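Encoded as structure tokens, the structure appears first; notes follow it.
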Amino acid sequence: VAALAVGAALGTGSSAVRVIAPLDRAVSAGTDTVRWTGSTLAQSVVDDPGADRDRLVLHVTVSDAGGRAMSLTPMIERYPDLGSTRSRPARAQLGLDEIEVAALYADDERATIEVRTHRGLLLVWWGAALAVSGVGLAARRRPALRTAEPAERSVQSDE
Numbered sequence: 002v003a004a005l006a007v008g009a010a011l012g013t014g015s016s017a018v019r020v021i022a023p024l025d026r027a028v029s030a031g032t033d034t035v036r037w038t039g040s041t042l043a044q045s046v047v048d049d050p051g052a053d054r055d056r057l058v059l060h061v062t063v064s065d066a067g068g069r070a071m072s073l074t075p076m077i078e079r080y081p082d083l084g085s086t087r088s089r090p091a092r093a094q095l096g097l098d099e100i101e102v103a104a105l106y107a108d109d110e111r112a113t114i115e116v117r118t119h120r121g122l123l124l125v126w127w128g129a130a131l132a133v134s135g136v137g138l139a140a141r142r143r144p145a146l147r148t149a150e151p152a153e154r155s156v157q158s159d160e
């Protein structure tokens, strides 16, 4: 339960920073650094022939203040038959934090990227798992309740 509480307390420090990243240049996003290195356009293969869509896959590297870096591939899906787009974020675990990168817009020269940092999220999951397993262990070790056998009543006759 303590891990759950600490994770929830750290979670109040979560942040979301939106940046415009020029192609192949590092940009500061709060305590992180973002570098967009390019994009790939892919036609999606889906079972439903009416669900035609294109995927623009962005290649993004996020580095934290400690120098740890990770490569993520958020996507922008375009639905031509509906005339709309949808952002598909990419997520990665970095220490106790979860980093989420969403691509909001991209052209040949720049991309709008949102970096969301969820502080202590791993502690929340660990705390929840420990609490559930603790309840399970307590239920298994609890002695079964025994019901008292009914006492025999003596029947006295008035004879």
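All residue numbers for the sequence shown refer to my numbering, where the first residue is 2 and numbers rise by one.
We put the CB at the ideal spot given by N, CA and C, even for glycine.
Computed from a predicted structure; not experimentally measured.
With fewer than 16 other beta carbons inside 10 angstroms of its own, G39 counts as exposed. Separation of G84 and R120 (C-alpha to C-alpha, rounded to the nearest whole angstrom) is 36 Å. Exclusion of the five residues before and after R56 leaves A43, S45, M76, E78 as the residues of its chain whose Cβ lies within less than 7 Å of its Cβ.
Under the three-state reduction of DSSP, S85 is assigned to strand. Less than 8 Å separates the beta-carbon of E115 from that of L105. Between L59 and A107, the beta carbon gap of about 6 Å places them in contact (Cβ cut-off 8 Å). Under the DSSP definition of a beta bridge, L95 partners with D98.
Exclusion of the five residues before and after A93 leaves M71, L73, I100 as the residues of its chain whose Cβ lies within less than 7 Å of its Cβ. Nearest in C-alpha terms to A17, of all of D33, V133, E110, is D33.
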